[in-house]
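Residues 2 to 202 in the numbering used here are what the sequence shown lists, from first letter to last.
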Amino acid sequence: MNLIEELQSLDINEPGRWPLAFRAVAVALVFVAVAAFGAYMLVIKTEIPLLERAEREELELRATFEQKQTKAANFDAYRAQLAEIERSFGTMLRQLPGRTEVPSLLVDISQTGLGAGLEEKLFQPTGEIQRDFYAELPIKIRLTGSYHELGNFVSGIAALPRIVTLHDISIAPVAGSDSSEELRLDVTAKTYRYLDEVSGG
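This is the structure in structure tokens:
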């Protein structure tokens, strides 16, 4: 009787009657299955969360590496960009008036209004406001004149060699005026002064 015939003749319900070799093989297979299941439950299953965490950390490290690699690849471009920003910043700083230039800049702002043909009703500097590295000098201004004269004033302010910005702009017809074209401009002009670190302002 060959091996296949012997396997076919085995009764699954009576493993005690199997030949010794078959019983040994069956016990070995059951032992291997139990050992594999125990190894899975005791070792592999407890290690799966560690593996998943390691995979997440790998993805995070890979993303960090790619970001740093991109920055490293663009380092020369960043350095050139920083140099350009420093040049631009230096140019803007030169457009800020020094402490001694502020009075003449105030005269320039006032003269710009008069030169545009406007009548000056109010010109009131309100005192410096200190910021991080610069001081802000707001000036409350009220002017009256035509629409085109107001436009010329704004253009003249923009053309000044020092930085002057206009805020809180309000334009309204002049009450009680004979001319319907006469307008009143209320505006806060701001100029800025760089605070010298050595002198503290």
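Just so it is clear, CB atoms sit at the ideal spot from N, CA and C, and this is done for glycine as well. Only a predicted model underlies this, so the values are computations on that prediction, with no experimental measurement involved.
State the beta-bridge partners of residue i as determined by DSSP.
| i | result |
| --- | --- |
| Leu186 | Leu144, Ile172 |
| Leu123 | Arg143 |
| Glu85 | DSSP lists no partner for Glu85. |
| Ala136 | Gln131, Arg194 |
Indicate whether residue i and residue j have their beta-carbon atoms separated by less than 7 angstroms.
| i | j | result |
| --- | --- | --- |
| Arg63 | Leu106 | no |
| Glu121 | Ser147 | no |
| Thr113 | Gly157 | yes |
| Glu129 | Leu138 | yes |
| Leu144 | Leu186 | yes |
| Ile110 | Pro126 | no |
| Leu161 | Ile172 | no |
Following the continuous alpha helix (DSSP H) through residue i, name the residue where it begins and the one where it ends.
| i | result |
| --- | --- |
| Phe66 | 46-74 |
| Asp109 | 103-116 |
(request) At 3 residues or longer, and completely inside the region 142-179: list those beta strand (DSSP E) runs for me, N to C. (result) 165-174
(message) Check whether the region 190-197 and the region 164-177 are in contact - that is, three or more C-beta pairs closer than 8 angstroms.
(response) yes
(message) With three or more beta-carbon pairs closer than 8 angstroms as the criterion, would you say the region 107-118 touches the region 70-88?
(response) no
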